[in-house]
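Using our numbering, read the first sequence as starting at 1483 and increasing by one per residue. Don't be surprised by glycine CBs; every beta carbon is placed ideally from N, CA and C. Here the structure is laid out as C-alpha cells; the discussion comes afterwards.
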Amino acid sequence: MNLDLVLRAKVEEAVSSLFHQQTDNLQLQPTNQEFEGSHTVVCFPLTKLSKKSPEETARILGEYLQQHAGIVSKYNVVKGFLNLVVEDKAWVDVFKSIYGNKNYGHLPANGLEIMVEYSSPNTNKPLHLGHLRNNFLGYSVAEIFKANGYKVHKVQIINDRGIHICKSMAAWKLFGNGETPETSGIKGDHLVGKYYVAFDRAYKEQIADLTDKGISQEEAEKQAPIMQMAVDMLRKWEQHDPETTQLWKTMNSWVYSGFNATYKRMGVDFEKLYYESDTYLLGKEEVLRGVERGVFFKKPDGSVWVDLTSDGLDQKVLLRADGTSVYMTQDIGTAILRFRDFPKITGQIYTVGNEQEYHFKVLFLILSKLGYDWAKKCYHLSYGMVDLPSGKMKSREGTVVDADDLMNEMVEEAEKQTRELGKLEGVSETDAVKLFDMIGLGALKFFLLKVDPKKRMLFDPNESIQLQGFTGPFIQYTHARIRAIIRKAESIDISVNVADLQLLTSLESAERDVLKVLSLFENKIRDAAKEYSPSVIANYAFDLAKQYNQFYQSIPIFNEEDTSKLKFRIALSEAVAGTLKRAMLLLGITVPEKM
RNA sequence: GGUUCCGUAGCUCAACUGGAUAGAGCAACUGCCUUCUAAGCAGUAGGUUUCGAGUUCGACUCUCGACGGAAUCACCA
C-alpha cells in the first residue's frame, strides 16, 4: 500500500466533491517535524476553486477527509496548510506491505534497457580521486536504474591510443632500462605513470635549454627532441610499425592489469569494454553520408563542418582538410556502434566530467540531426570536479590524490579506529580484514556520493576520513546494531510473520516516525533515477538510520511485555536493516553484520 | 569578451523543484554506558541564503543588475 497515492486520490476526490472542480496541481508534501501529522495539503492553490480563504479551504477539506476518507483520524490547520494525521491502523497496513516484500523499494522490470558508460580512463597513468568519483557515480547510477526496473549494460571506453601513451612509451624507451612491473615490483599502471612524469620532466628541461638558446617558447615546445620522439611514435603506431605496436601493447597490458586490481578494489565492473584504438576511425563514413544529405557542409579546403548557429552554438569541424577524424567524429561513430551492439537499448548515459558539457551538447545535437531518434534519450551525466584544499588537482604538478593510495589510507584509518574502539573481540583475522575494507571503502564511497553530482566538491583528507556523523560507517553501524537485535530475537526463539502484525492497534510516535521515513524509499529510488543522483539515496539512508537510532535509544525493545508490540518492533528493525542494506548497495556499499 | 554553471552557519553539504520558524554533519560547549553495540542519543550556540531591485498570498528557489568563483568557446582528447 502506497499511502501517498491513496491520500492523493482521497484529497482529489474531496476537492471535486466539495468544490465541483478537478485540481491538476495538488500539492501534497510531508509534514514538518514541528506539526502533528504526516501529510500536508498546501491549500493556497485551491482557493481559486473554493472561493474561500486558505484557512477556511483547509478546514473544510480536513473536515471532509476526516469524515469520508477512512484513514484520516485527525487534522489541523496552520495558515493555509492542512496537516493530516493518518490513523495507526493504516500505518500498520503500510508496514505490512513493506515487511512482506523482501525486495522493498525496487520496482518491477519495465522491459527497458539502457547503457551506462563510466570510468573511461587514459592508459598513461594510474587512476586518481576524480576517477573515483566517476566510477562510484557511474556504478551507482547503473544500480539505481536497475532498481527502477531497467536492464542496464555497463561499459567503458578505454583511451588506449594517442599522444599521451606515446609520451610514456618514449620516456620508458629512453630511461627505462627494460624495467617491468615484475622487475620493479611496481603496479603496472603506476609504472607507466612514472614514465609519463619522467617524460614531462625531460620535456621541460629540453624546452628550457632551447629557450636559453634564444628559441621562442612555442617553437621550443615543438622542437624538443623527446616530444618529437613521441610524435614520431604516434605516427609509427598509426602505420602499424611492428616494434612500436609491440611496445604499445606491452605497456598497455601493464596498465590493464593495474587497472583491474583497482577496479576490483573499488567494486565496480563492466559488461563490455570499448577500446579507442578500435573505434577512433569510426564515424567518418557517417559524416560523409551527412554531407551528401546536406546535414553537414564542406569548406573550400575540403574540411567538413556542422553549422549549429541556429541552435545557439557555433560551427564545429568534423573532418580535417586531410580527411582525418577529430574526437567528435569518433564519438558519433561509437554512439552508433553501441546501438548496433545492443539493439534493445533505448538510451545511453555518459558519465563524464562537466568540462565536456559543450561537447556532449553538440554530439547529441548532431546525432539527432542525422536522424537518430535515440539521441533524445542520451544523457550526459555530468559531474563537478573534486577540489583539494590546496586547489585543483594537476597530474603534472604532483597534486593528484592517487586512487590506490587513498583507498589504502581509508582502510588503514578504519582499522585504526576499529581497534581503538575495541570492536574486534571474537572476530577472526580474516573477518577483521574484510571489515576494515568494508568500512574504509564505505566511508570513501559515501563521502563522494552524498553530494549532488552536478556540484563541484571539496575533498579534505582530514574530514573525509571521518567515520562519525553523516558518513557511510554511521549507516553501517546502525545496520550492524539492528542485526544484533535480530540475532538476539532468534536466540530467544522469537519469530515474526506478517499475520502477527494484525493484532497491533496503536503506535508510539518514535515508531510512527521511523515508519514514515521507511515508507519513502520507493519514491526516493524513483527520484534518484529521475535526477541521476545517488545523493538522493545517500541522504535518504542517513535520514532513515538517524530516525531509527532515535527509536532505538528511546524504546528498549526487549523490555516490552506485550508480544504483539515486541514483535512489531523486531519486524520494524528488520525492515529498516533490509532497507539500509539495499539503499547502500545502490551506492555500491556493503554493510556488516557486526562492527 | 560570448556561453553555461555556481555563491546557504567557522568548515563540508541539504532544503521534496515557488510553500510553514532555511535543516544536517564536522568543529566548540552540556549531559547520557549495570538494561538490545556510546562509530550512538539528547541539548546549547552558530543565518540579513554574496549584495541590490523586481514578480506574488508566499522567493534560497523565478526575472533583471552588481560583485566573486569555475568550466567552456581547439583541425586536443
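Residue i vs residue j beta-carbon contact at 7 angstroms
| i | j | result |
| --- | --- | --- |
| G1519 | V1567 | yes |
| M1597 | Q1812 | no |
| L1500 | Y1557 | no |
| Y1670 | K1607 | The amino acid occupying residue 1670 in the given sequence is Gly; Tyr does not appear at that position. Taking 7 angstroms as the Cβ cut-off, G1670 and K1607 do not qualify as a contacting pair. |
| P1536 | G1562 | yes |
| L1716 | M1651 | no |
| T1761 | T1726 | no |
| V1980 | G1582 | yes |
| V1834 | F1941 | no |
| L1614 | A1885 | yes |
| N1641 | E1494 | no |
| E2075 | R1963 | no |
| D1570 | L1989 | yes |
| I1921 | A1629 | no |
| Y1685 | A1706 | yes |
| I1626 | A2010 | yes |
| V1883 | L1611 | yes |
Coarse secondary structure for residue i, derived from DSSP in three states
| i | result |
| --- | --- |
| I1976 | coil |
| Q1638 | strand |
| I1827 | strand |
| V1574 | helix |
| M2077 | coil |
| V1777 | coil |
| V1882 | coil |
| N2031 | helix |
| M1892 | helix |
| P1590 | coil |
| Y1854 | coil |
| C1525 | coil |
| H1550 | helix |
| F1517 | coil |
| F1563 | strand |
| S1807 | strand |
| D1723 | coil |
| K1584 | coil |
| Y1738 | helix |
| Y1840 | helix |
| H1502 | coil |
| L2054 | helix |
| L2067 | helix |
| P1955 | helix |
| N2021 | helix |
| R1994 | helix |
| D1714 | helix |
| Q1984 | helix |
| L1926 | helix |
Which residues DSSP lists as bridging residue i, in chain order
| i | result |
| --- | --- |
| D1789 | Q1797 |
| S1602 | S1602 is not bridged to any residue. |
| K1633 | E1595 |
| R1864 | The sequence given here has Ser at residue 1864, not Arg. According to DSSP, which records beta bridges pairwise, S1864 is partnered with V1834. |
| P1482 | The displayed coordinates of the chain run from 1483 to 2077. Any statement about residue 1482 would go beyond what the structure contains. |
| V1568 | V1554 |
| Y1756 | I1639 |
| I1610 | The sequence given here has His at residue 1610, not Ile. Answer by DSSP bridge pairing, in chain order: D1884. |
| M1939 | V1868 |
Own chain, CB closer than 7 angstroms to residue i, minus 5 neighbours either side, in chain order
| i | result |
| --- | --- |
| F1778 | V1769, G1772, V1786, W1787, V1788, L1800 |
| L2000 | I1580, L2026, A2057, V2058, T2061 |
Residues near residue i by beta carbon distance below 8 angstroms, same chain, minus five either side
| i | result |
| --- | --- |
| E2089 | This structure cannot speak to residue 2089, because the chain is shown only from 1483 to 2077. |
| Q1509 | V1523, V1524, P1527 |
Contacts around residue i, its chain only, beta-carbon distance under 6 angstroms, and the 5 residues preceding and following it disregarded
| i | result |
| --- | --- |
| L1531 | F1501, Q1503 |
| H1672 | P1608 |
| S1946 | F1929 |
| V2073 | Q1958, H1961, K2063, M2066 |
Residue i Cβ short of 6 angstroms to the ligand COA heavy atom set
| i | result |
| --- | --- |
| S1520 | The ligand COA is not part of the structure shown, which contains no ligands of any sort. |
Query raised in the report: Three or more beta-carbon pairs under 8 angstroms between the stretch 1745-1753 and the stretch 1636-1647, yes or no?
Result: yes
Report task. Check whether the stretch 1986-2000 touches the stretch 1903-1918, taking contact to mean three or more Cβ pairs, one atom from each stretch, closer than 8 angstroms. Result -> no
Report task. Inspect the CB distances between the stretch 1898-1908 and the stretch 1929-1939 and report whether three or more fall short of 8 angstroms. Result -> no
**Report entry** Validate contact between the stretch 2026-2044 and the stretch 1893-1903 using beta carbons, cut 8 angstroms, 3 pairs
**Finding:** no
Query - Given 8 angstroms, three or more beta-carbon pairs between the stretch 1672-1687 and the stretch 1603-1617 - result: yes
Query raised in the report: At a cut of 8 angstroms, does the stretch 2051-2065 reach the stretch 2022-2035 through at least three beta carbon pairs?
Result: yes
Requested in this report: May I ask you to verify whether the stretch 1657-1665 touches the stretch 1616-1632, counting CB pairs closer than 8 angstroms and requiring at least 3?
Outcome: no
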